[in-house]
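Here the structure comes first, spelled out in structure tokens, and everything after it is commentary.
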Amino acid sequence: MSDSPDPWQEYRKRRNLALLAFLGYTPVVFVFAVVTIRLFHSETPAYVAAFSWMALYAVAGIRFQMFRCPSCGRRFFVKWWYHNIFAGRCVHCGLPQICRPRYAAITVVVSPLHSMTSGQNVKLIP
Ligand SMILES: [Zn+2]
80 MSDSPDPWQE
90 YRKRRNLALL
100 AFLGYTPVVF
110 VFAVVTIRLF
120 HSETPAYVAA
130 FSWMALYAVA
140 GIRFQMFRCP
150 SCGRRFFVKW
160 WYHNIFAGRC
170 VHCGLPQICR
180 PRYAAITVVV
190 SPLHSMTSGQ
200 NVKLIP
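In our numbering, the protein residues as written are 80 to 205.
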């Protein structure tokens with residue numbers, strides 16, 4: 080996963096690549112096959128392109144399914160006995176898609192001045 084401040088950017092990249100590989104297979108391979116058959120009078124380049132695109136789709140699909148949840152760090156769509164690429168929430172912690180992880184919502188403010196003025200007994204650990 081990237082170190083981007085928005086963890087869902089990586090999710091969108093993986094999803095879009097998998098969709099492109101899935102939806103683009105037929106038109107791209109078909110056009111490539113028509114052009115190469117007319118140019119070279121051989122079907123071999125078309126088969127190479129078809130199998131290469133299938134490999135691209137397999138890699139993109141597996142990579143998409145291996146996306147890790149920004150909140151719990153486990154696979155967002157996959158459990159050891161279950162997977163659902165259309166899941167709207169993390170199958171482990173229930174984090175909805177395209178939202179900020181839970182740790183981003185927690186803000187801890189430590190103010191020694193506040194603890195001194197409010198009379199609270201606060202120990203500061205160096
Ligand atoms: Zn999760």
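Where is the CB? At the ideal position from N, CA and C, for every residue including glycine.
Next on the checklist: ligand 1 and Arg153: does any heavy atom of the ligand fall closer than 7 Å to the residue's C-beta?
Outcome noted: yes
Checklist entry - So is Ser121 buried or exposed if we call it buried at 16+ other beta carbons inside 10 Å? => result exposed
Checklist entry - Can you tell me the Cα-Cα spacing of Cys151 and Arg142, whole angstroms? => result 18 Å
Checklist entry - Does the Cβ of Cys169 lie closer than 7 Å to at least one heavy atom of ligand 1? => result True, at least one ligand heavy atom lies under 7 Å from that Cβ.
Checklist entry - For ligand 1, any of its heavy atoms closer than 7 Å to the Cβ of Cys178? => result no
Item to check | According to DSSP, residues forming a beta bridge with His120 | outcome: Answer is none; His120 lacks a bridge partner.
Item to check | Local conformation of Arg91 per DSSP, three classes | outcome: helix
Checklist entry - According to the neighbour-count rule (16 or more other Cβ atoms, all chains shown, within 10 Å of its Cβ), is Phe165 buried or exposed? => result exposed
Checklist entry - For Pro86, which of Cys148, Tyr161, Asn163 has the nearest alpha-carbon? => result When the alpha-carbon of Pro86 is set against those of Cys148, Tyr161, Asn163, the nearest one is in Cys148.
Item to check | Closer than 7 Å: Ser131 CB and nearest ligand 1 heavy atom | outcome: no
Checklist entry - If you measure from the CB of Ser121, is any heavy atom of ligand 1 nearer than 7 Å? => result no
Checklist entry - Nearest-angstrom Cα distance between Ala183 and Phe101? => result Confidence in Ala183 is poor, its pLDDT being 47 and thus under 50, which makes the residue's placement too unreliable to answer from.
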